[in-house]
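What follows is a set of notes on a single structure, which appears directly below.
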Amino acid sequence: MLPIKGDNNMANQTPPMRKAIRTANENAWLLSEATSRVIAETGKPAPTPSTVLAYALDKLDDQMTIAAAAKKRIDFDQVMCPIEEFCKLAQLPPATTSSLSGRYVFTVTGQKVITHLMQMNARLTLDLLPCEVKSCYTIRCAMRVFLLDAYGTVPMV
540 MLPIKGDNNM
550 ANQTPPMRKA
560 IRTANENAWL
570 LSEATSRVIA
580 ETGKPAPTPS
590 TVLAYALDKL
600 DDQMTIAAAA
610 KKRIDFDQVM
620 CPIEEFCKLA
630 QLPPATTSSL
640 SGRYVFTVTG
650 QKVITHLMQM
660 NARLTLDLLP
670 CEVKSCYTIR
680 CAMRVFLLDA
690 YGTVPMV
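Note that our numbering has the sequence shown beginning at 540, numbered continuously upward.
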């Protein structure tokens with residue numbers, strides 16, 4: 540049904556939230572690998588970067604909860620190891636140095652995804668470091684955990 544002229548329903552809707560995050564190109568590479576995984580799991584073609592991030596954040600959240608229930612934690616040192624080691628651990632083809640150099644702008648859309656990203660930033664800050672965790676780190680960590688979980692290899696200590 541089209542809105543009637545003068546109808547305030549359309550005027551009261553909030554515009555979609557967007558957050559641009561500058562990060563290393565490694566996140567773009569991880570995003571492409573994770574996108575393939577989301578397509579395989581859902582059967583839906585061409586998910587948006589925000590959809591892939593939502594899956595990855597949910598997986599990170601789930602794995603942190605599972606670890607806490609077992610009185611453990613994710614071994615973030617191993618998850619965030621150098622990319623060459625990560626590719627072996629996640630059973631992925633090696634990432635090329637040229638695909639990882641430079642900067643990438645990752646645009647996240649949707650209030651739910653952005654809110655979840657900010658919550659995970661806070662949760663990782665409390666669990667990991669004495670300083671604030673930035674979104675680019677959270678995205679990289681979530682994508683890596685998502686890819687590791689595909690093989691049941693999320694390391695815990």
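Built from N, CA and C at the ideal position, the CB exists for glycine as well.
Beta-carbon gap between residue i and residue j smaller than 8 Å
i, j, result
"ILE678", "ILE578", "no"
"VAL696", "GLN602", "no"
"ARG612", "ASP688", "no"
"LEU631", "GLU572", "yes"
"LEU663", "CYS675", "no"
"TYR643", "ALA585", "no"
"LEU686", "ARG576", "yes"
"TRP568", "ALA634", "yes"
Where residue i falls, given that 16 or more other Cβ within 10 Å makes a residue buried
i, result
"TYR594", "buried"
"TYR690", "exposed"
"VAL652", "buried"
"VAL618", "buried"
"VAL591", "buried"
"MET659", "buried"
"SER622", "Correcting the residue identity first, residue 622 is Ile in this sequence and not Ser. Buried, because 16 or more other Cβ atoms sit within 10 Å of the Cβ of ILE622."
"GLY545", "Low per-residue confidence applies at GLY545: pLDDT is 46, beneath 50, and the placement is therefore not dependable, though the value from the model is reported in the following sentence. Burial call: exposed."
"GLU565", "buried"
"LYS598", "buried"
Secondary structure of residue i, DSSP reduced to three states
i, result
"PRO695", "Reading off the sequence shown, one finds Met at residue 695, where the question assumed Pro. Strand at MET695."
"ASP546", "Its pLDDT being 46, under 50, ASP546 is placed unreliably by the model, and the measurement read from it follows with that caveat. Here ASP546 sits in coil by DSSP."
"LYS673", "coil"
"LYS651", "helix"
"ALA585", "coil"
"ALA563", "strand"
Option nearest residue i by Cα separation, candidates the options
i, options, result
"GLU624", "GLY582, LYS558 and ARG683", "ARG683"
"LYS558", "VAL647, LEU599, VAL672 and ALA607", "VAL647"
"LEU570", "GLY582, THR587 and LEU599", "THR587"
"GLN650", "CYS626, SER589, LYS598 and THR574", "SER589"
"MET525", "ALA606, LYS627 and THR654", "This structure cannot settle anything about residue 525, because the visible part of the chain is limited to 540 through 696."
Residue-chain proximity (residue i, chain D), Cβ-Cβ < 8 Å
i, result
"ALA606", "The displayed structure is made up of one protein chain only, and chain D is not part of it."
Can you list the alpha helix (DSSP H) stretches of 4 or more residues lying completely in the stretch 599–649, in chain order?
-> 615–618, 622–628 and 636–639
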